[in-house]
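There are 2 protein chains.
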Amino acid sequence: MALEPCHDHGVVGPMAGIVSPSMPVWIVANAAHGNRAYSNLNEGLGKVLRFGANSPDVLDRLRWMGTVLQPVLAAALDELGGLELKPLMAQALHMGDEIHNRNAAASSLLFRRLLPAALRSGAAREDIAACADFIAGNDHFFLNVSMAASKAMLDAATGVAGSSLVTAMARNGVEFGIRLTGCGDRWFTTAAPVVDGLYFAGYSVADAAPDLGDSCITEIAGLGGFAMAAAPAIVQFVGGTPDDALASTNEMTHITLGRNAAFTLPPLDFVGTPAGIDARRVVDTGITPVINTGIAHREPGIGQIGAGITRAPMACFTQAVAALATNVARTAAG
Amino acid sequence: MALEPCHDHGVVGPMAGIVSPSMPVWIVANAAHGNRAYSNLNEGLGKVLRFGANSPDVLDRLRWMGTVLQPVLAAALDELGGLELKPLMAQALHMGDEIHNRNAAASSLLFRRLLPAALRSGAAREDIAACADFIAGNDHFFLNVSMAASKAMLDAATGVAGSSLVTAMARNGVEFGIRLTGCGDRWFTTAAPVVDGLYFAGYSVADAAPDLGDSCITEIAGLGGFAMAAAPAIVQFVGGTPDDALASTNEMTHITLGRNAAFTLPPLDFVGTPAGIDARRVVDTGITPVINTGIAHREPGIGQIGAGITRAPMACFTQAVAALATNVARTAAG
Chain U
2 MALEPCHDHG
12 VVGPMAGIVS
22 PSMPVWIVAN
32 AAHGNRAYSN
42 LNEGLGKVLR
52 FGANSPDVLD
62 RLRWMGTVLQ
72 PVLAAALDEL
82 GGLELKPLMA
92 QALHMGDEIH
102 NRNAAASSLL
112 FRRLLPAALR
122 SGAAREDIAA
132 CADFIAGNDH
142 FFLNVSMAAS
152 KAMLDAATGV
162 AGSSLVTAMA
172 RNGVEFGIRL
182 TGCGDRWFTT
192 AAPVVDGLYF
202 AGYSVADAAP
212 DLGDSCITEI
222 AGLGGFAMAA
232 APAIVQFVGG
242 TPDDALASTN
252 EMTHITLGRN
262 AAFTLPPLDF
272 VGTPAGIDAR
282 RVVDTGITPV
292 INTGIAHREP
302 GIGQIGAGIT
312 RAPMACFTQA
322 VAALATNVAR
332 TAAG
Chain H
2 MALEPCHDHG
12 VVGPMAGIVS
22 PSMPVWIVAN
32 AAHGNRAYSN
42 LNEGLGKVLR
52 FGANSPDVLD
62 RLRWMGTVLQ
72 PVLAAALDEL
82 GGLELKPLMA
92 QALHMGDEIH
102 NRNAAASSLL
112 FRRLLPAALR
122 SGAAREDIAA
132 CADFIAGNDH
142 FFLNVSMAAS
152 KAMLDAATGV
162 AGSSLVTAMA
172 RNGVEFGIRL
182 TGCGDRWFTT
192 AAPVVDGLYF
202 AGYSVADAAP
212 DLGDSCITEI
222 AGLGGFAMAA
232 APAIVQFVGG
242 TPDDALASTN
252 EMTHITLGRN
262 AAFTLPPLDF
272 VGTPAGIDAR
282 RVVDTGITPV
292 INTGIAHREP
302 GIGQIGAGIT
312 RAPMACFTQA
322 VAALATNVAR
332 TAAG
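Sequence order for the protein chains is U and H. For the numbering used here, add 1 to where a residue sits in the first sequence, where the first one is 1. For the numbering used here, add 1 to where a residue sits in the second sequence, where the first one is 1.
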């Protein structure tokens, strides 16, 4: 699984007229399965487009990311000939990240790989300097890479008839949805939950939008809440105690089909992260997937106001398992 | 406690004719107490001068460090106006380092601070690129900064009459020595122990020199073996299990005078690292300080052949406490 030089931009329709003709994206290639996944680039914390902020400073930053950051990153990745992500992510798990809401190590390791390559490339020095300041100032810079990497892993598991493996979870601030590999592209949705978390100064749960975003794709890949044992320090960002962090990872072993041998957890004697959520086990045990997540303000224009821990709603899983049973029965009836 | 621009070089006498007229050093200033400490720059693992290797490639690297690395680092630190070390070290402890034999996070964080500054400085691009490759390729780059920072903290504690606080531990491959604040500059020495550790491929304990080096100054400052709870992944480098790592930190609380509130340990609910070794408590409890250490080959020219865990020998502490008792009795007798 490797990050590829980002030459082809993903054109994000609604943004076309506002920000720039195109928005740069990470491209993550799953070489073993031949599929690719994409994500835009992380803007940082606070007032950012992905949390609903759209003030001039937010739009200026997006324009800069398209015109300065993208060419430098593309030149660095060209110089590297792509960048293997699994070893980097495995190392970050040994450095206190869960690679969803804590990316301090992964972002540092990515910076350590990209900067020397950028300096060897033809990119202009002042552009590299500006990118160095931007990336070095953002502990969450790796998050979007982690999302695309998780998506690249999980997309390889789509289309397995009869299987109750969860291949996607996502939320949009109104609904929470999941997909099963045995149910194709169908989403099973219910109302998105509110997040109990730690709020930035001046904000509280009363200001919060319900759970929102695509980043919980990392949890299905065995990261985030599933890998919290690796990241005791994250409780200062999402709440709870280091013991809760260990307990989260251990609890998730009851609803997963296995462990990811490439992603090991030092505090648990180097066992792999629990990975591969089985919707039937969720329904059988009553244990729902734990998610570390950022919290957006309920009004547009403000952005992220906190972070916390939430759960995927059970209703998605009961619907999905019922639908899968119908599929299987229909197939058997032939 | 801050890293200062390294304009004044420490001239290391015996090296003068061999390597270069001077060898660059880190300068760590303890602003609160007005003292400074120094360390040379880390050369990496394997064949390096500090582990007894002196082949042409080792000497070439040292010359490069004096002529290319030093000016770039000096320019970057000038640009930064110095660099506060305590927050960086505290963050590294939250990222799986114990900041003695595991410096992957601290080295990454230092790189993240230095590189953007170097790019803003007048340093030549090709020199910055070479330094970026060198630093990014060395997970132990921060070690020597950690040593000087520990020394700067402990030197501020010298000269307290009647106190059994340990202010230094060091070994030279033959003897192991300690100093007490209440006994001035006197060293209390005994034979250096052999280190039970993990050896690099092709080497074993039969090849090992007895314990060697100044880096256990970090243990007295509450890092290294005393902070192993922060660094479960280090057991892959020095041996043992993650439970042993927690136990090491907990055991050291019985021989220390307090905890360093600036250096907290997420896996132990964010308590501070045990710090301030009391020689009397070592003698009273029979618990000797645990040290994470590199292992040198017993023959010159080969360098580091492994890493492991060892203990400071009890004989140093019994001698030191007896001498302190004599000092105190003499003072009381007037």
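Glycine residues also receive a C-beta, built at the ideal position from the N, C-alpha and C atoms.
Cβ distance (whole Å) where residue i is taken to contact residue j below 8 Å
i: residue 179 of chain H; j: residue 321 of chain H; result: 6 Å
i: residue 56 of chain U; j: residue 48 of chain U; result: 6 Å
i: residue 266 of chain U; j: residue 94 of chain U; result: 7 Å
i: residue 311 of chain U; j: residue 288 of chain U; result: That pair is no contact at about 14 Å.
i: residue 304 of chain H; j: residue 297 of chain H; result: 7 Å
i: residue 88 of chain U; j: residue 130 of chain H; result: That pair is no contact at about 23 Å.
i: residue 33 of chain U; j: residue 149 of chain U; result: No, residue 33 of chain U and residue 149 of chain U are not in contact; Cβ-Cβ is about 16 Å, not under 8 Å.
i: residue 146 of chain H; j: residue 4 of chain H; result: 7 Å
Beta-carbon spacing of residue i, residue j below 9 Å
i: residue 210 of chain U; j: residue 299 of chain U; result: yes
i: residue 60 of chain U; j: residue 24 of chain U; result: no
i: residue 217 of chain H; j: residue 225 of chain H; result: yes
i: residue 170 of chain H; j: residue 275 of chain H; result: no
i: residue 138 of chain U; j: residue 164 of chain U; result: no
i: residue 98 of chain H; j: residue 231 of chain H; result: yes
i: residue 243 of chain H; j: residue 269 of chain U; result: yes
i: residue 277 of chain H; j: residue 250 of chain H; result: no
i: residue 102 of chain H; j: residue 264 of chain H; result: no
i: residue 198 of chain H; j: residue 308 of chain H; result: yes
i: residue 213 of chain H; j: residue 141 of chain H; result: no
i: residue 75 of chain U; j: residue 332 of chain U; result: no
Residue range of the unbroken alpha helix (DSSP H) whose run includes residue i
i: residue 75 of chain U; result: 71-81
i: residue 243 of chain H; result: 243-253
i: residue 328 of chain H; result: 315-334
i: residue 286 of chain H; result: 280-286
i: residue 1 of chain U; result: Not covered by the structure: residue 1 of chain U. The range shown for chain U is 2 to 335.
i: residue 219 of chain H; result: 218-221
i: residue 197 of chain H; result: Element bounds for residue 197 of chain H: not the alpha helix (DSSP H) but the beta strand (DSSP E), 197-200.
i: residue 145 of chain H; result: 144-156
i: residue 239 of chain H; result: 236-239
i: residue 108 of chain U; result: 105-121
Straight-line Cα distance separating residue j from residue i
i: residue 85 of chain H; j: residue 177 of chain U; result: 44 Å
i: residue 261 of chain U; j: residue 253 of chain U; result: 13 Å
i: residue 14 of chain U; j: residue 203 of chain H; result: Residue confidence is low: residue 14 of chain U scores 27 on pLDDT, short of 50, so the model does not pin down where it sits. Its coordinate-derived value is still stated next. Distance between the alpha carbons of residue 14 of chain U and residue 203 of chain H: 59 Å.
i: residue 36 of chain U; j: residue 196 of chain U; result: 33 Å
i: residue 235 of chain H; j: residue 200 of chain H; result: 14 Å
i: residue 77 of chain U; j: residue 121 of chain U; result: 8 Å
i: residue 187 of chain H; j: residue 159 of chain H; result: 12 Å
i: residue 259 of chain U; j: residue 272 of chain U; result: 11 Å
i: residue 71 of chain U; j: residue 245 of chain U; result: 39 Å
i: residue 30 of chain U; j: residue 91 of chain U; result: 17 Å
i: residue 323 of chain H; j: residue 133 of chain H; result: 50 Å
i: residue 318 of chain H; j: residue 283 of chain H; result: 7 Å
i: residue 27 of chain H; j: residue 207 of chain U; result: 50 Å
i: residue 126 of chain U; j: residue 79 of chain H; result: 19 Å
i: residue 228 of chain U; j: residue 194 of chain U; result: 21 Å
i: residue 68 of chain H; j: residue 100 of chain U; result: 39 Å
i: residue 104 of chain H; j: residue 96 of chain U; result: 10 Å
i: residue 119 of chain H; j: residue 205 of chain U; result: 41 Å
i: residue 190 of chain H; j: residue 316 of chain H; result: 8 Å
i: residue 44 of chain H; j: residue 329 of chain H; result: 44 Å
i: residue 285 of chain H; j: residue 241 of chain U; result: 38 Å
i: residue 123 of chain H; j: residue 157 of chain H; result: 35 Å
Any chain B beta carbon closer than 9 Å to residue i
i: residue 72 of chain H; result: Absent from the structure is chain B; the protein chains it does hold are U and H.
Residue interval of the beta strand (DSSP E) (run including residue i)
i: residue 135 of chain H; result: Residue 135 of chain H -> not in any beta strand (DSSP E); alpha helix (DSSP H) instead, spanning 126-137.
i: residue 27 of chain H; result: 26-31
i: residue 5 of chain U; result: 3-5
i: residue 291 of chain H; result: 291-297
i: residue 312 of chain U; result: 305-312
i: residue 91 of chain H; result: Run containing residue 91 of chain H: none in the beta strand (DSSP E); it sits in the alpha helix (DSSP H), 87-94.
i: residue 266 of chain U; result: 257-266
i: residue 181 of chain H; result: 176-181
i: residue 64 of chain U; result: Run containing residue 64 of chain U: none in the beta strand (DSSP E); it sits in the alpha helix (DSSP H), 57-65.
i: residue 37 of chain U; result: 36-41
i: residue 271 of chain U; result: Segment: none, residue 271 of chain U is in no beta strand (DSSP E) and carries neither H nor E.
i: residue 189 of chain H; result: 189-192
Within 8 Å, do at least three Cβ pairs link the segment 99-112 of chain H to the segment 101-110 of chain U? Because the criterion of three Cβ pairs below 8 Å is met, the segment 101-110 of chain U and the segment 99-112 of chain H touch.
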